[in-house]
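One structure is given below, encoded as C-alpha cells.
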C-alpha cells in the first residue's frame, strides 16, 4: 500500500464533469496547492460541494473565477462576488444550503445514512420541494446525503497510512469530506513514518484517505 | 449618538445579558463588538461556527496565523481552555441547543419573532451560512441592530423579505430600547431616556406593548 502521490498525479485524478468536495472555510483549510494546480489545468464542468466559495483571489474562489464549476452547493457565497455574478447571469447553478445541514449531509453520505431530519429551514425557502416529517410535534425537513467522486482536503500532518492531524480551525469540513467520496486526496504539510503520530491525536483515521500529497509548509 | 456610539451602546446592553458559563455565538459585524464588553470575572465561552470555542481577540500585528480565523475569515486567537472541532460538532453545538445565546443583526424582524437577515431577492444573495441553524437551535436569539434603516422600519408587523427562521427571536436590542418578543407581541422593557415612547413607536411598525414596569435602559 502506497498512498503518497505527486501533485501531478493528484491533479490528473480530477476529470471534467466530476462532483468534487473541497474542505475549508473561507479558504482556511482549503488544499491550496492542489487548487492552484487545478486552476492551471483548467478542468471544467465540475460540481462543487464546499462550505463557501472563499474570496476571488484565495483558495477555491480562484476556481470560481476560472469558471470551472457548472454547479455549486455551498452555505455562503457572499465573499466572492464572481459567484454571485455567475449565479445572477445563470452561468452557474448555485444551491445554497444551511451550513449545519450541509455538514450533516456530508456526514450522512460518509456514514451510510439515508438522510437526516433537521428543524433548520422550516418556514423558509429552504423547505421548498422537500419532504416534511413531524415527530413529537416538531416539524423537520428530510435532507438527503451528499457524496462525491473525489474529495480534496487539507491537514497539517499525515503518516504514511493517511492518518491525519489538523492545526487550528482547519478541521471544519475536511474531516467530514474524507468519509464521503470515492477518491480522497489529502494535501498535508508533512508526511511522517507510521508510528510517529500519537493515536490519541489523530482526528481522521487513515482508512478514509486514499491518497496523500505533500504540499509543503504553509 | 453617532454611528459608533450607537453600536457601542447596543453592544454594551447585549453584553449585560450574559452570565458566567454561557456559551455564546456572536454574528459578524456589530454583534462582534459585544466581545469588548463582557462582564468582568465571568467565563463566557465564545463559539465560532467554523470550528472552535474560546475565541480571543485579534492577534498582535505580525503574529497572525492564517489557520486560526473566525467565521468572518479574520485572524483571531484562541484563549486558554479553548478547543477546536469539525463542522458537524460545531453544528451539534449550535443546532442541539448547547448555545445559550446567539446575537445577530437583522434586515427585518417582526412581532411574531420571525427574522429576515440573509437575502434581498434580486439584490443580495450571499447565502445563509450558519444563520438558519443558529437561530433555530440557540436557546435565546438576540437581535442587535439599529432601530431603523435610515428611517425605514425594520421592526415590522410581518417580515416581507425571505425568512431566516420563523418564530425564533427572543430579544431585540437597539439604540432606542430593549425589547422582548412575547406571544402577545413586542414588549418595550427598557427605553433609552434620550427618546420618548412616542418616538420609539413612530420608528416601529409593530405596535409596542408598554408595560407598567418599563425602566430606563442603562449600559
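Chains as they are written, first to last, in our numbering: chain A, 75 to 292; chain B, 48 to 266.
C-beta: ideal position from N, C-alpha, C; glycine also.
If you're wondering where the values come from, they're calculated on a predicted model, not measured in any experiment.
Start-to-end residues for the beta strand (DSSP E) that takes in residue 250 of chain A: According to the DSSP assignment, residue 250 of chain A belongs to no beta strand (DSSP E) but to the alpha helix (DSSP H) extending over 248 to 251.
Per-residue contacts from residue 176 of chain B into chain A (C-beta, under 7 Å): Within chain A, the residues whose beta carbon sits less than 7 Å from that of residue 176 of chain B are 149, 150, 173, listed in sequence order.
Candidates B:212, B:58, B:65, B:72: closest to residue 83 of chain B by CA position: The shortest C-alpha separation from residue 83 of chain B is found at B:58.
Beta-carbon neighbours of residue 198 of chain B, restricted to chain A and to distances below 9 Å: Residues of chain A with a Cβ closer than 9 Å to the Cβ of residue 198 of chain B do not exist; the shortest Cβ-Cβ separation is about 26 Å.
Residues from the stretch 86 to 120 of chain B in contact with chain A, defined by Cβ distance under 9 Å: Interface annotation for the stretch 86 to 120 of chain B against chain A: 95, 96, 97, 98, 99, 112, 113, 114, 115, 116, 117, 118, 119, 120, criterion Cβ-Cβ distance under 9 Å.
Secondary structure of residue 179 of chain A, DSSP reduced to three states: For residue 179 of chain A, the secondary structure class from DSSP, reduced to helix, strand or coil, is helix.
Rounded Cβ spacing between residue 183 of chain A and residue 254 of chain A (contact assumed at less than 8 Å): Going by Cβ atoms, the distance from residue 183 of chain A to residue 254 of chain A rounds to 4 Å, so yes, they are a contact pair.
Residue 242 of chain B at chain A interface by Cβ criterion, 9 Å: It does not: the Cβ of residue 242 of chain B has no partner Cβ on chain A nearer than 9 Å.
CB contact check: residue 73 of chain B to chain A, cutoff 9 Å: Under the Cβ criterion of 9 Å, residue 73 of chain B is not counted among the residues facing chain A.
Other residues of its chain near residue 223 of chain A: CB distance less than 6 Å, five sequence neighbours each side excluded: So the qualifying residues of the chain are 92, 93, 256.
8 Å CB neighbourhood of residue 200 of chain B in its chain, flanking five on each side removed: 250, 251, 252.
Cut-off 7 Å between Cβ atoms - residues of its own chain near residue 193 of chain B, not counting five sequence neighbours on either side: Once the five neighbours on either side are set aside, the close Cβ partners of residue 193 of chain B are 53, 221, 222.
Under the three-state DSSP convention, the category residue 263 of chain B falls into: In the structure shown, residue 263 of chain B sits in a strand (DSSP, three-state: E or B).
Closer than 9 Å to chain B by CB, residue 102 of chain A: Contact of residue 102 of chain A with chain B is assigned, a C-beta pair being separated by under 9 Å.
Residue 285 of chain A vs residue 77 of chain A beta-carbon contact at 9 Å: Against a cut-off of 9 Å, the Cβ pair of residue 77 of chain A and residue 285 of chain A comes out as a contact.
Cutoff 8 Å; reference residue 116 of chain B; Cβ partners in own chain excluding five residues on either side: Answer for residue 116 of chain B: 97, 122, 123, listed in chain order.
Given 8 Å, three or more beta-carbon pairs between the stretch 266 to 282 of chain A and the stretch 62 to 73 of chain B: Here the stretch 266 to 282 of chain A makes no contact with the stretch 62 to 73 of chain B; the two share fewer than three CB pairs at distances below 8 Å.
Simplified DSSP state of residue 170 of chain B, which is helix, strand or coil: DSSP places residue 170 of chain B in coil when its eight states are reduced to three.
Residue 114 of chain B, DSSP secondary structure in three states: For residue 114 of chain B, the three-state secondary structure derived from DSSP is coil.
Chain B contacts made by the stretch 214 to 243 of chain A, where a contact means CB separation under 7 Å: Within the stretch 214 to 243 of chain A, contact with chain B at the beta-carbon level (separation under 7 Å) is assigned to 241, 242, 243.
Selection of the stretch 200 to 216 of chain B by Cβ proximity to chain A, strictly under 8 Å: Correct list: 209, 210, 211, 212, 213, 214.
Own chain residues within Cβ distance below 7 Å of residue 172 of chain A, not counting five before or after: 149, 194, 195, 200, listed in sequence order.
Interface residues of chain A facing residue 135 of chain B [CB-CB closer than 7 Å]: Residues of chain A with a Cβ closer than 7 Å to the Cβ of residue 135 of chain B are, in chain order, 177, 178, 181, 250.
Test item: CB-CB of residue 216 of chain B and residue 172 of chain B under 9 Å: No, the Cβ-Cβ distance between residue 216 of chain B and residue 172 of chain B is not below 9 Å.
Test item: CB-CB of residue 145 of chain A and residue 127 of chain A under 9 Å: The answer is no: Cβ separation not under 9 Å.
Three-state class that DSSP yields for residue 217 of chain B in the structure shown: In the structure shown, residue 217 of chain B sits in coil (DSSP, three-state: anything other than H, G, I, E or B).
Neighbour flag for residue 189 of chain A against chain B, beta carbons, 9 Å: Residue-level contact check: residue 189 of chain A does not touch chain B, since none of the beta carbons of chain B fall below 9 Å from its beta carbon.
Per DSSP, the bridge partner or partners of residue 195 of chain B: Residue 195 of chain B pairs with B:200.
Short CB-CB distance (under 9 Å) between residue 126 of chain A and chain B: Interface with chain B (9 Å Cβ-Cβ cutoff): residue 126 of chain A is included.
Proximity of residue 235 of chain B and residue 244 of chain B at Cβ, strictly below 9 Å: Closer than 9 Å, so yes.
Contact between the stretch 133 to 147 of chain A and the stretch 105 to 124 of chain A (3+ Cβ pairs under 8 Å): The stretch 133 to 147 of chain A and the stretch 105 to 124 of chain A touch, with no fewer than 3 CB-CB distances between them shorter than 8 Å.
Inter-residue CB distance, residue 263 of chain A and residue 231 of chain A (contact presumed, cutoff 8 Å): Correct: roughly 7 Å between the Cβ atoms.
Counted within 10 angstroms of its Cβ, other Cβ atoms place residue 80 of chain A as buried (16 or more) or exposed: Here residue 80 of chain A is exposed, its C-beta having fewer than 16 other C-beta atoms within 10 Å.
Buried versus exposed, by CB contacts within 10 Å (16 or more), residue 254 of chain B: Flag for residue 254 of chain B reads exposed.
Residue environment, residue 190 of chain A, which counts as buried when at least 16 other CB atoms sit within 10 Å: Of the residues assessed, residue 190 of chain A falls on the buried side of the cut-off, its CB having 16 or more other CB atoms within 10 angstroms.
Cβ contact (3+ pairs, closer than 8 Å) linking the stretch 243 to 252 of chain A and the stretch 201 to 218 of chain A: The stretch 243 to 252 of chain A vs the stretch 201 to 218 of chain A: no contact.
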